[in-house]
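In what follows, a structure is listed as C-alpha cells, so that the remarks can point back to it.
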Amino acid sequence: MTGLMQEMTAKALRLNVPLNVQLDLTYRCNERCVHCYLDHDDHGELTTVEIKRLLEEMADAGVFILTLSGGEIFMRKDLFEILAYARQLMFCVKLKTNGVMIREREARRLKDLGVESIQISVYSHRPEVHDAITLLPGSLKRSIDAVRFLASQGFKVVIANVLMTQNMQDYSGVRALAAELGVDCTLDPTVTPMMDGNRSPLRLGVDQSALRQVFRDEALVGDVEEFCAVPAAADENDMESLPCSAGHTACYVSPYGDVYPCVQFPLPTGNVRRQRFLDIWRHSDQMNEVRSIRLKDLTTCSHCTHVSACTRCPGLAFMEGNMRGPSSQDCEKSFARTGIESANMLAKRRAVPNLVQIRAVPAAAGAIA
Amino acid sequence: MSKLFVARDSRVAARSLDGEMMIMSGRDSTLFTLNRTATLLWQAADGVTPLDEIVERRICVEFEVDPSVALQDAESLARELANHEILQVSKEPILQKSAGASR
Numbered sequence: 129m130t131g132l133m134q135e136m137t138a139k140a141l142r143l144n145v146p147l148n149v150q151l152d153l154t155y156r157c158n159e160r161c162v163h164c165y166l167d168h169d170d171h172g173e174l175t176t177v178e179i180k181r182l183l184e185e186m187a188d189a190g191v192f193i194l195t196l197s198g199g200e201i202f203m204r205k206d207l208f209e210i211l212a213y214a215r216q217l218m219f220c221v222k223l224k225t226n227g228v229m230i231r232e233r234e235a236r237r238l239k240d241l242g243v244e245s246i247q248i249s250v251y252s253h254r255p256e257v258h259d260a261i262t263l264l265p266g267s268l269k270r271s272i273d274a275v276r277f278l279a280s281q282g283f284k285v286v287i288a289n290v291l292m293t294q295n296m297q298d299y300s301g302v303r304a305l306a307a308e309l310g311v312d313c314t315l316d317p318t319v320t321p322m323m324d325g326n327r328s329p330l331r332l333g334v335d336q337s338a339l340r341q342v343f344r345d346e347a348l349v350g351d352v353e354e355f356c357a358v359p360a361a362a363d364e365n366d367m368e369s370l371p372c373s374a375g376h377t378a379c380y381v382s383p384y385g386d387v388y389p390c391v392q393f394p395l396p397t398g399n400v401r402r403q404r405f406l407d408i409w410r411h412s413d414q415m416n417e418v419r420s421i422r423l424k425d426l427t428t429c430s431h432c433t434h435v436s437a438c439t440r441c442p443g444l445a446f447m448e449g450n451m452r453g454p455s456s457q458d459c460e461k462s463f464a465r466t467g468i469e470s471a472n473m474l475a476k477r478r479a480v481p482n483l484v485q486i487r488a489v490p491a492a493a494g495a496i497a
Numbered sequence: 027m028s029k030l031f032v033a034r035d036s037r038v039a040a041r042s043l044d045g046e047m048m049i050m051s052g053r054d055s056t057l058f059t060l061n062r063t064a065t066l067l068w069q070a071a072d073g074v075t076p077l078d079e080i081v082e083r084r085i086c087v088e089f090e091v092d093p094s095v096a097l098q099d100a101e102s103l104a105r106e107l108a109n110h111e112i113l114q115v116s117k118e119p120i121l122q123k124s125a126g127a128s129r
C-alpha cells in the first residue's frame, strides 16, 4: 500500500468509512475447483436494478475501491452493464476472475471501461495439474490466453495461486510463467472452510514441512532470516491495535445482498434488500462487535509469543467458533516461520486427555480398578 | 484572454473523503488527493462551464480571494492535473464522454 493510500485508509478508519468493498456478483461458476468454499447454485442473486441501487448507496457511503468477484463474474450476462455503472460512479474497480471467458473483445471492453486491475487464478503451469484442480479441461490454456489478452491491453494483471497438496511442487513454475507473461503473481497457502462451516476443503491444505519450505524460499519472502525471526514482544500499542481491516474500512457483500465483515468472515450483519448499506455498516450490532475487538481482547492470542506479528484471520477464528479466539491455520504458519509453537498449540497439547489411564492399585486389593 | 474549459478525465477513479477528493489516475494507478479548493474545481469541471465562471461561482464564493489571483491559481492547477491525465483542459468546450458526477 502506498503512503498516500495508507493515509487515506487511516482517515477512513477515523471517519468510519468503508473504503474498500468486495461484492460477489454470483456464486455460479464455470469451474469446480476442488478447494472452493462456495455453493454454486443460484439462491436468488441481486438483480441488475438492485446492484445498481447498491452501487449508488456504496458510492454515497464513501466506498472507493470496489472489487467484483464470485463465483465467476462473467457468468452474469449483465456484467458489462454493472461495470459501466460502477465506473460512472467513479469506483476504482478491481476484478477477480478465472479468465476463462475473457477473449480479445472482452479485454478491450474492460480497458475501455477503465477497470483498474484484474486478478486471475492459476494453480499450476502444467495443464494436468491446473485442470485437475478446476475440473474444467482446457481451463489453464484459456486462463493464460486471458492473461495475454489483458496484458496486451496494458492491464495490471495479477496471477493468484492458492497452494495446496496437489500443486505444492508447482509454485515456482507459476511464478516463472507470470514473469514470462510480464504480470505479477501472489501465492496464498490458506485453504478456507466452506461458507456454511464445512471444513472438508482444509484436507487439501499443505502441511508444516511444505509451509516451512515456502517460508524459507528467498524468492518468495525476501530476507528469510528476517521473515522467520521470532517476533519482538508486543507493547501496549500493539495490544491496542486492530486485528485487521474487516469491519473497519472494509466489508463484503454476497450475491444475495448479505453483508459480512469480510469474504472470509461469514458473520451476517444485515441485508441490502432490507436495509440501506450505510445503516448496516454504521449500526449493525455484529459489525460494531467486530469493530470493538483489539488484540488485547483475544482470549488465547493476547498471551501468545506471536501476537504482534501473527497473520491471524478473525474470520477463520470465527469459523473455528470464536471471533476472539485463535485461527489454527495461522498458528501453523507462525510455527512454520519461527519454529515456536503458538499459545493455542500449547494449550491444545495440554488439553489432550490421556486415553489410557494407569492407576496404581494396592497389591492387597488385587482387583482391576 | 481566451476561455479555458476543464473536464474530469473519464478513466480516473475518484471519491470524496471528508471534503477532500481522492483520485486515482487511469494511466498508472497513481493516487492523488485534492485539497478543498482543488476539489471544488474538480467537481465543477463539466467540460462546458468556462474555468473563469467556475472560479467566480464556486471558488470565490467559498473563499475570500481576489478573482484574478484565484483564476491564475486555478489555471495552473488545471494544467498540473492535466499533466497527470486526471483532468482535460481545452480552449473549446469538451463535449466528449466525461467522468460521472463525483460523490
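Protein chains in written order, with this note's numbering: chain W, 129 to 497; chain U, 27 to 129.
Virtual Cβ for every residue (Gly too), placed ideally from N, Cα, C.
A quick note: this is a predicted structure, and the numbers were derived from the prediction, not measured.
Taking Cβ to Cβ, would you say residue i is nearer than 9 angstroms to residue j?
i                     : j                     : result
residue 299 (chain W) : residue 348 (chain W) : yes
residue 183 (chain W) : residue 138 (chain W) : no
residue 225 (chain W) : residue 244 (chain W) : no
residue 374 (chain W) : residue 392 (chain W) : yes
residue 32 (chain U)  : residue 85 (chain U)  : no
residue 253 (chain W) : residue 305 (chain W) : yes
residue 189 (chain W) : residue 250 (chain W) : no
residue 261 (chain W) : residue 297 (chain W) : no
residue 433 (chain W) : residue 466 (chain W) : yes
residue 157 (chain W) : residue 198 (chain W) : yes
residue 167 (chain W) : residue 324 (chain W) : yes
residue 513 (chain W) : residue 278 (chain W) : Because chain W in this structure spans residues 129 to 497, residue 513 (chain W) falls outside the shown range and cannot be described.
residue 275 (chain W) : residue 228 (chain W) : no
residue 440 (chain W) : residue 394 (chain W) : no
residue 246 (chain W) : residue 206 (chain W) : no
residue 369 (chain W) : residue 423 (chain W) : yes
residue 412 (chain W) : residue 387 (chain W) : yes
residue 46 (chain U)  : residue 75 (chain U)  : no
Is it buried or exposed for residue i, if we count other Cβ within 10 angstroms and need 16 for buried?
i                     : result
residue 389 (chain W) : buried
residue 361 (chain W) : exposed
residue 357 (chain W) : exposed
residue 160 (chain W) : exposed
residue 457 (chain W) : buried
residue 263 (chain W) : exposed
residue 121 (chain U) : exposed
residue 365 (chain W) : exposed
residue 426 (chain W) : buried
Near residue i, what residues of its chain come up, given a Cβ to Cβ distance below 6 angstroms and the 5 sequence neighbours on each side ignored?
i                     : result
residue 195 (chain W) : 150 and 222
residue 173 (chain W) : 154 and 383
residue 431 (chain W) : 471
residue 129 (chain W) : none
residue 211 (chain W) : 241
residue 415 (chain W) : 375 and 397
I'd like the list of long-range same chain contacts for residue i, defined as Cβ closer than 7 angstroms, with 5 residues on each side in sequence excluded.
i                     : result
residue 89 (chain U)  : 63
residue 269 (chain W) : 255
residue 35 (chain U)  : 52, 111, 112, 113, 114 and 125
residue 321 (chain W) : 165, 327, 329, 330 and 447
If we define contact as Cβ-Cβ less than 9 angstroms, is residue i a contact residue for chain W?
i                     : result
residue 44 (chain U)  : yes
residue 113 (chain U) : no
residue 38 (chain U)  : yes
residue 118 (chain U) : no
residue 83 (chain U)  : no
residue 105 (chain U) : no
Please find out if some non-hydrogen atom of the ligand SAM comes closer than 8 angstroms to the beta-carbon of residue i.
i                     : result
residue 228 (chain W) : Among the components of this structure there are no ligands whatsoever, and the ligand SAM is therefore not found.
Take residue i and list the residues in its own chain whose beta-carbon comes closer than 8 angstroms to its own, dropping the five residues that flank it on each side.
i                     : result
residue 316 (chain W) : 288, 289, 290 and 291
residue 96 (chain U)  : 81, 85, 86 and 89
residue 176 (chain W) : 206, 209 and 210
residue 118 (chain U) : 31
Does residue i get closer than 9 angstroms to chain U when you measure Cβ to Cβ?
i                     : result
residue 220 (chain W) : yes
residue 143 (chain W) : yes
residue 147 (chain W) : yes
residue 224 (chain W) : no
residue 132 (chain W) : yes
residue 136 (chain W) : yes
residue 296 (chain W) : no
residue 445 (chain W) : no
residue 244 (chain W) : yes
residue 139 (chain W) : yes
*When you check each C-beta in the stretch 260-294 of chain W against every C-beta of chain U, which residues fall closer than 9 angstroms?*
284
*asked:* Tell me which residues of the stretch 49-62 of chain U have at least one Cβ-Cβ distance to chain W shorter than 7 angstroms, keeping chain order.
replied: 50, 52, 55, 57 and 59
*Using a beta-carbon distance cut-off of less than 8 angstroms, what residues from the stretch 308-333 of chain W approach chain U?*
none
*Using a beta-carbon distance cut-off of less than 7 angstroms, what residues from the stretch 349-363 of chain W approach chain U?*
none
*Taking Cβ-Cβ distances below 7 angstroms as the criterion, which residues of the stretch 182-205 of chain W are in contact with chain U?*
187, 188, 190 and 192
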